[in-house]
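Colleague:
Residue numbers (my numbering): 250 to 648.
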């Protein structure tokens with residue numbers, strides 16, 4: 250059986266306010282072609298389908314159009330699990346209808362048997378079982394009444410127990426389907442995983458739950474398809490536990506290879522990387538005024554997005570006008586101009602967060618973080634905020 254592992258699409262993502270729907274549309278078209286060309290039987294999407302919990306209508310249309318485009322192809326089963334950016338309830342809203350099309354959306358943890366999904370091949374036979382595990386939120390995993398115990402340890406233990414329970418359910422399902430491989434999904438930060446600069450990955454929990462060890466995954470799992478980290482990599486040098494990474498760069502500083510993973514279980518386990526093409530080139534230009542203008546002159550006629558960082562010593566009050574003049578009439582688009590060095594604030598790139606780099610949901614989450622809101626109240630407030638934003642977006646789309 251051939252399984253394709255992908256994650257972290259982040260449909261609806263913006264760069265300095267620039268919408269990226271065209272890139273996502275091109276990626277999804279490319280992904281369908283790869284599925285058909287390589288005879289993929291099943292597709293696993295390991296979280297962060299959308300960039301926020303309230304995706305706009307265009308983002309949702311891209312998602313559903315892609316899923317329905319797979320009907321009638323060699324891909325007979327699709328499993329989509331929620332990530333920390335996704336709304337689990339929104340992802341499951343159409344689950345009843347989608348399941349009739351062999352498309353399974355899992356947003357919330359439930360009874361273990363509910364998470365076991367048979368993966369059928371083009372011959373209609375079950376070639377593997379999927380232990381479909383979404384992002385596990387802290388309040389869904391443990392009760393925190395016992396304040397004497399380290400909550401990180403409780404979360405890690407509860408995560409391991411959940412994987413154990415779902416794996417046991419999959420082993421019971423083997424009594425029906427035979428000794429087929431069991432693959433699992435996950436959306437978490439595994440110990441040893443390497444992040445790239447500017448990858449935009451949000452911390453999942455306050456504390457050290459970024460250090461979930463590979464040993465939480467039961468040995469009966471033939472493959473673990475992970476999401477959350479944006480760079481493709483093995484976990485603890487284990488070939489069967491992998492991140493596939495995000496298909497699009499989430500920032501100008503994210504300089505890592507983009508790929509999806511083909512997992513072939515027909516004769517043991519073979520994992521192959523399939524490189525994702527670059528749909529729009531991101532170029533970071535740094536230096537003094539003359540260096541910047543020289544670099545821009547070389548790329549002005551290219552179809553690129555540009556981030557300009559001025560590192561000169563002296564004030565350069567007309568830099569913005571000079572930069573825009575340098576690319577005027579060309580195809581290059583300058584999305585950001587900022588100053589660093591002794592003239593500008595000498596700060597790291599990840600600390601130059603501005604309103605134009607944040608979504609409205611990001612700003613609201615920052616407000617909640619600064620207000621020490623209780624976990625129970627936090628989700629209720631987020632739901633109310635999302636409902637308000639949804640109403641505003643609907644009104645705007647009808648205008």
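The C-beta atom is built at its ideal place from N, Cα and C for all residues, glycine as well.
1. Can you name, in chain order, every residue of its own chain whose Cβ lies under 6 angstroms from the Cβ of residue 315, other than the five neighbours on each side?
2. Are residue 511 and residue 319 touching if we call contact CB-CB under 7 angstroms?
3. Apply the 10 Å Cβ neighbour rule to residue 485 and answer buried if 16 or more other Cβ atoms are within range, or exposed otherwise.
4. Do residue 296 and residue 263 have their CB atoms nearer than 7 angstroms?
5. Between the alpha carbons of residue 332 and residue 355, how many angstroms are there, rounded?
6. Could you give the DSSP three-state label for residue 681: helix, strand or coil?
7. What residue does the alpha helix (DSSP H) around residue 319 start on, and which one ends it?
8. Can you tell me whether residue 247 is helix, strand or coil according to DSSP?
9. With the cut-off set at 7 angstroms, would you say residue 378 and residue 419 are in Cβ contact?
10. Is residue 535 helix, strand or coil by DSSP?
11. Pull up the CB-CB distance for residue 462 and residue 440, whole angstroms please, since I reckon it's below 8 angstroms.
12. Got a sec? Which residues, its chain only, sit under 7 angstroms from residue 632 by beta carbon, not counting five neighbours each side?
13. Below 6 angstroms CB to CB, which residues in the same chain sit around residue 322 once its five sequence neighbours on both sides are set aside?
14. Put residue 367 into one of helix, strand or coil per three-state DSSP.
15. In chain order, what residues of the same chain have a beta carbon less than 6 angstroms from the beta carbon of residue 528, not counting five sequence neighbours either side?
16. In three-state DSSP terms, what is residue 403?
17. Have a look at the DSSP bridge pairing and note the partners of residue 509.
18. Taking the DSSP output, what are the residues bridged to residue 292?
Modeller: In short, the structure shows the following:
1. Around residue 315, the same chain offers 277 as residues with beta carbons nearer than 6 angstroms, after the five sequence neighbours per side are excluded.
2. The answer is no: Cβ separation not under 7 angstroms.
3. exposed
4. no
5. 10 angstroms
6. There is no way to answer for residue 681, as the model of the chain reaches only from 250 to 648.
7. First-last for residue 319: undefined, no H or E at that position.
8. The first residue shown for the chain is 250 and the last is 648, placing residue 247 beyond what the model contains.
9. yes
10. strand
11. Contact holds; Cβ gap of about 5 angstroms.
12. none
13. 285
14. In the structure shown, the three-state DSSP call for residue 367 is strand.
15. 272, 275
16. helix
17. DSSP lists 523 as the bridge partner or partners of residue 509.
18. Per DSSP, 253, 327.
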